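The block underneath contains the structure these notes are about, expressed in structure tokens.
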Amino acid sequence: MKSIDRIFTPFIVMDTEGRDLLREIAVLDSQGKLIYQAWVTEHPDNSLQRIYTQPLKAVLCGFLEIARQHTIVCHNAQHDRLVIQRACRLAKIRFPVLKFVCTVELAQSTFPNLASYSLEYLSKKLRLKVDQKDFNPRQAHSAKYDTEFTYQLYRKVLDMQASSFSPVWSSLKSQPNPFASSRVDTPFQDHPDQKQIYQQEFEQLKVAIAEIHQDKNHQSRGAVVIGEPGSGKTHLMMRLAQELLKVNRLLFIRHPNNPDAILYHIYSRTLESFIQVVPDTGYTQLEHLISHSFAKLIRTSPHLKLNLTDQIIIATVQDSPLHLYTLATEGTEKKRQIWGNIEKRLQSWWVETYGFSGYATKILTGIVKFCSYTNPKYKSIVQRWLAADSLSQGDLDLVGLENWQESMGKEEFSLEAIAVFSKLSMLDEPLLMVFDQLESLGLPHNKTLLLNFGEAVKEIFTHVPNSLIILNLFPDRWQQFQEMLSPAVVDRVSQVQIALQPPQLETLQQILQLRAQAIDVEITNLFTPEDLNIILHQPSIRGMLNCAANYFRYRVNGTPLPPPPLPPPPPPIEPTAIPVEQRLDRLEAEIKALQKQIHQALNAGIQPPPPTVIVDPELTQYLQTQRRSLYQEYQNPQITTDSDDLGKLTTIVQAFQLILPLEIDYLRLGKRTLPEHLVLIGKRKVAIGFLQIDGTSFTSRIKNWNELVISDRSIHYQLWRDVRLPEIKSKVGRDEIEKLNYSKHGIFLSMAEPERLDFELLYCLIIDIQNRDLDITLEEALQGAMISVDLKESWLVQLLQTL
926 MKSIDRIFTP FIVMDTEGRD LLREIAVLDS QGKLIYQAWV TEHPDNSLQR IYTQPLKAVL
986 CGFLEIARQH TIVCHNAQHD RLVIQRACRL AKIRFPVLKF VCTVELAQST FPNLASYSLE
1046 YLSKKLRLKV DQKDFNPRQA HSAKYDTEFT YQLYRKVLDM QASSFSPVWS SLKSQPNPFA
1106 SSRVDTPFQD HPDQKQIYQQ EFEQLKVAIA EIHQDKNHQS RGAVVIGEPG SGKTHLMMRL
1166 AQELLKVNRL LFIRHPNNPD AILYHIYSRT LESFIQVVPD TGYTQLEHLI SHSFAKLIRT
1226 SPHLKLNLTD QIIIATVQDS PLHLYTLATE GTEKKRQIWG NIEKRLQSWW VETYGFSGYA
1286 TKILTGIVKF CSYTNPKYKS IVQRWLAADS LSQGDLDLVG LENWQESMGK EEFSLEAIAV
1346 FSKLSMLDEP LLMVFDQLES LGLPHNKTLL LNFGEAVKEI FTHVPNSLII LNLFPDRWQQ
1406 FQEMLSPAVV DRVSQVQIAL QPPQLETLQQ ILQLRAQAID VEITNLFTPE DLNIILHQPS
1466 IRGMLNCAAN YFRYRVNGTP LPPPPLPPPP PPIEPTAIPV EQRLDRLEAE IKALQKQIHQ
1526 ALNAGIQPPP PTVIVDPELT QYLQTQRRSL YQEYQNPQIT TDSDDLGKLT TIVQAFQLIL
1586 PLEIDYLRLG KRTLPEHLVL IGKRKVAIGF LQIDGTSFTS RIKNWNELVI SDRSIHYQLW
1646 RDVRLPEIKS KVGRDEIEKL NYSKHGIFLS MAEPERLDFE LLYCLIIDIQ NRDLDITLEE
1706 ALQGAMISVD LKESWLVQLL QTL
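Just so we're aligned, residue 926 is where the sequence shown starts under our numbering, counting upward by one.
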């Protein structure tokens, strides 16, 4: 059987009428819908045709605009090609390169030895129908009519070719879709990796890391990885993590969302990355950093006088620095002695090398404490302390730490904390700082965010050594960053520039086959030639995997394919190209047709149906997939901060301002500190605040919040706290919570798993659209979110709908 190996893009079906001069043309899309029809004004047979007539040049321009992006299916394609080619010559239009598929040739290979292969004969022989009616020779040689039967013939051929795959598809009904996961959200995920793809670019990054390691000054360097949406930028970072995480520490920093807390955001994500467990080791990245750094320190410091504990440690870590964590049992005096010695040695080295100023020595103490504990409760307390959270006195006493000063500037603290990690890494290996999902920074309303981000990156290059700083960007966004950021930042970031080019078809096939291995099937046995050609010619790797997932659902489970994108409208016709009389005749005919439809509707008493909003299937699929991913992330340790939650809320509300009449404001109470918050103003006012801290800072801020609740009763106040954080134990704090809950227009709310996932899902939806990870307009997505099963019950969606 002859395979359909020329279909590289979604197809159209076309028929022309007229031999020496094009008389009529009709085009159907791949769903069988009429998308273009025209009669040529100059043709003598069209003198009585009143509507849809255009000059030859306009007809051709309209058709070619569609045809360039599709494969053209015709019955006797050679004839139709010659008609169009001859018409282009007459109209003095260059005949472009077009892709044709001939249903005569396909029918000959699919149904051999028939008496005839005319459209009439095949339609009757194969019992093809249009609108439940058989082929009527009296209606033939109308472009639209012939095109409709050509479409049915073509679908019949495709179905015949697909029938040979049925046994394979039936056997896979219980198997998971191997193409369903098409995107890497973070480098710490595990996805199939075709090593040949971008291997040269991967080696470039490894060379840059080696150069930093070999540089006696350990100067940080920048790398920008440039690629279109879905090209595999984050996937390349995942490969870095998978191959280098046992040697280097990789820090994944998603886009900032609060212009006043850029460095604190970078530090929070840095700390979040450090508490990620390195696969197959059972230890976090931070534990790897400390064990390797300390092992090198006591082995290589020439002036260090080793005590007995030092000698025990050296002997223990001889085979692996990670053996440091096996030296003693939790809670024993021996363990306290060993880790007290480690802290003393590191503090002494730090003071001798960098001095005693700033927060560095306290930060170093916290890092050592985190690594010394095996109890998850103690680790969590120290983790929150390292994140500059205010803790309760009870938690502080458990780990022997003191709260940071309330007046401490978190931006200054964050920069110094990142520098501490990088300077520790000079005893180990260079850090890899990956900035991803930055495209939304280039949006007009994020100009301040982008400029502040540029300044933060400049500070990192200045104060943070021994790091490869990687920015993943789209080509157009990189161009914008170069124009808006200072030359100093651009020069440092772009020391290494890596452009990801689309892989060859053979490589793309290897990616598909690698995925298909999970269900033990060859892709040539899974997809028809038509399927494969459409799948392989998507604009990106992610687009290819999404398309393959859709075809898997279609072939194996019978789920309909999503509709193809609408073709672009034909170019407007210059009025002067059509005679005035003809334009008037056409207008008169269209008005009469419209009047007739209105008259019929009124006589029948038909009321226009209410407008309906249909949730895009792609949106539904995205929300379901992303919710599963967020659920997995929710189970992992995370750094939850008020500034980050405020930034997320601001991003969500600014997006909803596209479809809802909302305004934003902030509350003020003199110079006193309030919880991070936003006031939403619509038909009523709602203040949404976040208070994820503990200790006296929690108490003072909720007191200030409650004072506003009493003084301004025109606002409804919501104060949220993540349920994963410790319960407020102080009597004063609990009393203030009770006061808020007893007020008529205030409430203290716990953000449990459902509320957190709904909040994060809505935020991810907006960011992914802004980052072009989801091909749907923001307005359509938000309107769909308000009625979708996945989000319509969300606390924030319901609140926004009531404003």
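C-beta atoms are modelled at their ideal positions from N, C-alpha and C, and glycine is treated no differently. Values in this document were obtained by computation on a predicted structure and should not be read as measured data.
Determine, using beta carbons only, whether residue i and residue j come nearer to each other than 8 Å.
i            : j            : result
residue 1214 : residue 1174 : yes
residue 1083 : residue 1047 : no
residue 1193 : residue 1312 : yes
residue 1104 : residue 1433 : no
residue 1415 : residue 1129 : no
residue 1136 : residue 1425 : no
residue 1183 : residue 1474 : no
residue 1683 : residue 1720 : yes
residue 1658 : residue 1665 : no
residue 1066 : residue 1109 : no
residue 1620 : residue 1728 : no
residue 1360 : residue 1396 : yes
residue 1364 : residue 1695 : yes
residue 1276 : residue 1295 : no
residue 1707 : residue 1613 : no
Assign residue i to buried or exposed, taking buried as 16 or more other Cβ atoms, counted over all protein chains shown, within 10 Å of its Cβ.
i            : result
residue 1333 : exposed
residue 1450 : exposed
residue 1346 : buried
residue 956  : exposed
residue 1210 : buried
residue 1648 : exposed
residue 1535 : Residue placement at residue 1535 is poorly supported in this model, since its pLDDT is 48, which falls under 50; the coordinates are not used for a value here.
residue 1172 : exposed
residue 1386 : buried
residue 1240 : exposed
State the Cα-Cα distance for the pair residue i and residue j, rounded to the nearest angstrom.
i            : j            : result
residue 1189 : residue 1178 : 11 Å
residue 1134 : residue 1140 : 10 Å
residue 1446 : residue 1092 : 12 Å
residue 974  : residue 935  : 32 Å
residue 1217 : residue 1112 : 22 Å
residue 1378 : residue 1181 : 8 Å
residue 1444 : residue 1482 : 15 Å
residue 938  : residue 1675 : 57 Å
residue 1236 : residue 1259 : 14 Å
residue 1460 : residue 1409 : 38 Å
residue 1641 : residue 1634 : 8 Å
residue 1032 : residue 1164 : 47 Å
residue 1402 : residue 1156 : 15 Å
residue 1468 : residue 1368 : 24 Å
Let me know the secondary structure DSSP gives residue i once reduced to three states.
i            : result
residue 1298 : coil
residue 1329 : coil
residue 976  : coil
residue 1081 : helix
residue 1462 : coil
residue 1388 : helix
residue 1113 : coil
residue 1653 : coil
residue 1675 : strand
residue 1469 : helix
residue 1603 : strand
residue 1717 : coil
residue 1449 : helix
residue 1025 : strand
residue 1647 : strand
residue 897  : Past the edges of the chain, shown from 926 to 1728, lies residue 897, and the structure says nothing about it.
residue 931  : Unreliable placement is indicated for residue 931, whose pLDDT of 36 sits below 50; the coordinate value is still reported in the next sentence. Looking at residue 931 - three-state DSSP - the assignment turns out to be coil, as it is neither helix nor strand.
residue 937  : strand
Per DSSP, what are the beta-bridge partners of residue i in this structure?
i            : result
residue 961  : 952
residue 1403 : Residue 1403 is not bridged to any residue.
residue 1146 : 1393
residue 1358 : 1176, 1394
residue 1642 : 1612, 1671
residue 1590 : 1604
Compare the C-beta of residue i with all C-beta atoms of chain B and state if any pair is closer than 8 Å.
i            : result
residue 1175 : Looking for chain B here will not work: only one protein chain is present.
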